[in-house]
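Here is the structure we will look at, set down as C-alpha cells.
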Amino acid sequence: MRNYKFRLYPTVSQEDVLVNNINVCRWVYNKFIDYSKKGSVSQFDLQDYLMELKQQESWLYNYHSKMLQMVCVQMSGSQKTLKSLRENGRKTGSLRFARYGEYRTFIYNQSGYKLENGKLTLSKIGDIKIKQHRTIHGKIKQVIITKTKSGKWYCSVSCELDKTQPPIINFKKSVGIDVGIKNFAYDSDVFVEPNPLNLKLLKPLVRMQKKMARRKYGSNNYLKAKKWYQIMHERIANRRKDFHHKLSTIYARKYDVIVVEKLNLIGMVKNHHLARNILDSGWNGFLQKSEYKTKMLIKVDPRNTSVECSECKTKVPKTLAIRIHSCPQCGLEIDRDHDASINILHKVIPSERRESTPVEISKRSMAQESHVFRHGQFTLSA
129 MRNYKFRLYP
139 TVSQEDVLVN
149 NINVCRWVYN
159 KFIDYSKKGS
169 VSQFDLQDYL
179 MELKQQESWL
189 YNYHSKMLQM
199 VCVQMSGSQK
209 TLKSLRENGR
219 KTGSLRFARY
229 GEYRTFIYNQ
239 SGYKLENGKL
249 TLSKIGDIKI
259 KQHRTIHGKI
269 KQVIITKTKS
279 GKWYCSVSCE
289 LDKTQPPIIN
299 FKKSVGIDVG
309 IKNFAYDSDV
319 FVEPNPLNLK
329 LLKPLVRMQK
339 KMARRKYGSN
349 NYLKAKKWYQ
359 IMHERIANRR
369 KDFHHKLSTI
379 YARKYDVIVV
389 EKLNLIGMVK
399 NHHLARNILD
409 SGWNGFLQKS
419 EYKTKMLIKV
429 DPRNTSVECS
439 ECKTKVPKTL
449 AIRIHSCPQC
459 GLEIDRDHDA
469 SINILHKVIP
479 SERRESTPVE
489 ISKRSMAQES
499 HVFRHGQFTL
509 SA
C-alpha cells in the first residue's frame, strides 16, 4: 500500500456539506459508544446496530453507506487499542463521547470516489477541487477526508500497488544511527544532523495563549486568537514532518540497511527535564518514515550502546554531561554519540563488515527481535 496526501479547496457550500458529513459520523460514533456501555461488542454487532439506527433514523440513508460502515471499523479499532493498553499494564478509562470539533475525518472505502482532472468526486457530495501535485500509482482503495484545526481540508488516498520482486539488499551499505536531543542523528559514518528543536517558537505560542486568556471566551476575538494559535501549532508540526521526510530520504537513498535503537519513549519522558525536547524531536516519526522508505530497518536492544567502547568492548560509564567517549583500555577518544552509533551497527553487522552468509544474517537479525523485513523476505547482493 502507498499513501498520498493532497490539499482540497472546497467552495463555501461544499465545506458545509463536508462538515455535515463529519458531524453525522460523529453522531454515529457517539451512538456506538453509548451502545458499547452495555457490554463487550464486536464489529459485527456494531454493523447490526447501524442497520437498526438507519431504520430508526431514515435521514441516515442520505449519506454514503460505506462512510457510515467505516465508523464501525474506527470504533472497533479504538476498542482494540484500549484493550491492548490495558493488557500492557497501562491505566485507562473508557472511550469518551466525541465533542464538536474533536471528530475531524470521514472515510470512503472501496467505492464512492473518483479522482481525475484535478477534481475529487465523492458520492452524495459532488466534485471538489484538489491540488494533485503527484502522480498516483496503483489502484485507489480508500479516501480519507480530514479537516485540520486551522480549517484546512486534506484528502489522503491509499493505493494498492502491484506485487514487486523482493529488493536486493547490500549489507555493505549499512549504517547505525543514534538519535538524540543536541544532535537529532549521529551515524556510524560520522554524519551529524543537528536537532532543529521546533519549540523555539514557544515564546510566540505563549504570547498567543495570553491573548486568548485576555479575551472573552467564545467571542469573535477569542475565536480569531484561537485560530492563529492552532495555525502556529500546525506550522510547527509541518516543520517537524518536513525535517523527518528530508532526513529519512537522505538515508534511504544512501543506505540499504538502517540500524537504530528500539526506543522506550514512555520511560524516557519520565525525565521531566528532557521530556519536552524528547517529544519535540519526534524520533518515532522519523523512524516510521525511514521504515517504509528504506529497504530494511532493524531495531536493536539499546542496552549498553552508550557505555561500551566500540573498539575493545570495555564498559566505560558516563553521565549525560560527558560528551566525549574516552576508553582507558584502548585509548579511543571519539564523540559519545558516534561511539553509540557504531555499537548500534555492530549489534547487527560485525565490526569488520565481513560478507556473511544468508543463514548467518538471518539468525543474527532474528535474534535482535527487529522489524519484520519488508516484502517478507530479502535477497543478498553478490
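Numbers 129 to 510, taken from our numbering, label the letters of the sequence shown in order. Every residue gets a Cβ at the ideal spot worked out from N, C-alpha and C, and that includes glycine.
Is it the case that the Cβ atoms of Y282 and R135 are separated by a distance below 8 Å? Indexing the sequence shown from 1 puts residue 282 at position 154. Indexing the sequence shown from 1 puts residue 135 at position 7. Result yes, Cβ atoms of Y282 and R135 sit closer than 8 Å.
Less than 8 Å between C-beta atoms, sequence neighbours within five positions excluded: which residues of the same chain meet that for K446? Start at 1 with the first residue of the sequence shown, and residue 446 comes out as number 318. Around K446: S434, V435, H453, R464.
Residue interval of the beta strand (DSSP E) (run including V320): In the sequence shown, residue 320 corresponds to position 192, counting from 1. The continuous beta strand (DSSP E) containing V320 extends over residues 320-322.
Residues bridged to S302 by DSSP? Within the sequence shown, the letter at position 174 stands for residue 302. For S302, the beta-bridge partners assigned by DSSP are V385.
Contact check, Y314 vs V271 under 8 Å by CB: the rounded distance? Residue numbering aside, residue 314 sits at position 186 when the sequence shown is read from its first letter. Residue numbering aside, residue 271 sits at position 143 when the sequence shown is read from its first letter. About 40 Å separates the two Cβ atoms, so there is no contact after all.
Taking all protein chains shown into account, decide if M424 is buried (16 or more other Cβ within 10 angstroms of its Cβ) or exposed. The residue labelled residue 424 in the question sits at position 296 within the sequence shown. So M424 ends up on the buried side.
Tell me the residue span of the alpha helix (DSSP H) that contains F172. Translated into positions along the sequence shown, residue 172 becomes position 44. F172 -> alpha helix (DSSP H) spans 171-184.
Of all the alpha helix (DSSP H) runs that stay within the bounds of the segment 355-405, which reach a length of 4 or more residues? Secondary structure in the segment 355-405: the alpha helix (DSSP H) runs of 4 residues or longer, each lying completely within the stretch, are 393-396 in chain order.
Are the beta-carbon atoms of V236 and L213 separated by less than 8 Å? As a position in the sequence shown, residue 236 is number 108, starting the count at 1. As a position in the sequence shown, residue 213 is number 85, starting the count at 1. Contrary to the premise, residue 236 reads as Tyr rather than Val in this sequence. For Y236 and L213, no; Cβs fall outside 8 Å.
Whole-angstrom distance between M198 and L181, CA atom to CA atom: The sequence position of residue 181 within the sequence shown is 53, counting from 1. The sequence position of residue 198 within the sequence shown is 70, counting from 1. If you take the alpha carbons of L181 and M198, they lie about 15 Å apart.
Going by beta-carbon coordinates alone, are N149 and F234 separated by less than 8 Å? Along the sequence shown, one-based indexing puts residue 149 at 21. Along the sequence shown, one-based indexing puts residue 234 at 106. Between N149 and F234, the C-beta spacing is below 8 Å.
CA nearest to the CA of D290, picked from P456, Q416, G266: Here the question's residue 290 lines up with position 162 in the sequence shown. Among P456, Q416, G266, the Cα nearest to that of D290 is on G266.
Measuring CB to CB, does S302 end up less than 8 Å from D384? In the sequence shown, residue 302 corresponds to position 174, counting from 1. In the sequence shown, residue 384 corresponds to position 256, counting from 1. Contact: yes.
Report the residue ranges of all beta strand (DSSP E) runs contained in full by the segment 239-324; include only those spanning at least 3 residues, in chain order. The segment 239-324 contains these whole beta strand (DSSP E) runs: 241-244, 247-250, 254-259, 267-275, 281-288, 302-307, 311-315, 320-322.
K427 versus K219: straight-line alpha-carbon distance, rounded: For the purposes of this step, residue 427 is taken as residue 299 along the sequence shown, with counting starting at 1. For the purposes of this step, residue 219 is taken as residue 91 along the sequence shown, with counting starting at 1. Going from the Cα of K427 to the Cα of K219 covers about 27 Å.
Determine the DSSP secondary structure at H453, reduced to helix, strand or coil. In the sequence shown, residue 453 corresponds to position 325, counting from 1. Here H453 sits in strand by DSSP.
Buried or exposed: where does R368 fall if 16 or more other Cβ atoms within 10 Å of its Cβ makes it buried? Position 240 of the sequence shown, counted from the first residue, corresponds to residue 368. R368 comes out buried.
Let me confirm a value: W187 is counted as buried when at least 16 other C-beta atoms fall within 10 Å, else exposed. Which label applies? Start at 1 with the first residue of the sequence shown, and residue 187 comes out as number 59. Only exposed fits W187, as fewer than 16 other CB atoms lie within 10 angstroms of its CB.
Contact between the segment 403-423 and the segment 372-381 is defined here as three or more beta-carbon pairs at a separation below 8 Å; is this criterion met? Taking 8 Å as the limit for Cβ pairs, the verdict is that the segment 372-381 does touch the segment 403-423.
Can you grab the Cα-Cα spacing for the pair V145 / P294, in whole Å? Within the sequence shown, residue 145 is the residue found at index 17, counting from 1. Within the sequence shown, residue 294 is the residue found at index 166, counting from 1. Within the model, the alpha-carbon separation for V145 versus P294 is close to 44 Å.
I235 - DSSP class collapsed to helix/strand/coil: Walking along the sequence shown from the start, residue 235 turns up at place 107. Here I235 sits in strand by DSSP.
Does the Cβ-Cβ distance between Y357 and Q337 come in under 8 Å? By one-based count along the sequence shown, residue 357 stands at place 229. By one-based count along the sequence shown, residue 337 stands at place 209. Yes, these two residues count as a Cβ contact at 8 Å.
Can you find the residues in the same chain that come closer than 7 Å, C-beta to C-beta, to Q416, ignoring five residues on each side of it along the sequence? The count along the sequence shown starts at 1 and reaches residue 416 at position 288. Answer for Q416: no residue qualifies.
Assess, as a yes-or-no matter, whether the segment 166-182 is touched by the segment 199-212 under the definition of 3 or more beta carbon pairs within less than 8 Å. With the cut-off at 8 Å, the segment 199-212 and the segment 166-182 touch.
For the alpha helix (DSSP H) containing M336, name the first residue and the last one. As a working note, residue 336 is residue 208 in the sequence shown. Per DSSP, the unbroken alpha helix (DSSP H) holding M336 starts and ends at 330-342.
Alpha carbons only, please: which of K280, M195, T377 is nearest the one belonging to V152? Residue numbering aside, residue 152 sits at position 24 when the sequence shown is read from its first letter. Looking only at K280, M195, T377, the smallest Cα-Cα distance to V152 is reached by M195.
Quick check: F414 and L473, are their CB atoms within less than 8 Å of each other? Within the sequence shown, the letter at position 286 stands for residue 414. Within the sequence shown, the letter at position 345 stands for residue 473. No, Cβ-Cβ distance for F414 and L473 is not below 8 Å.
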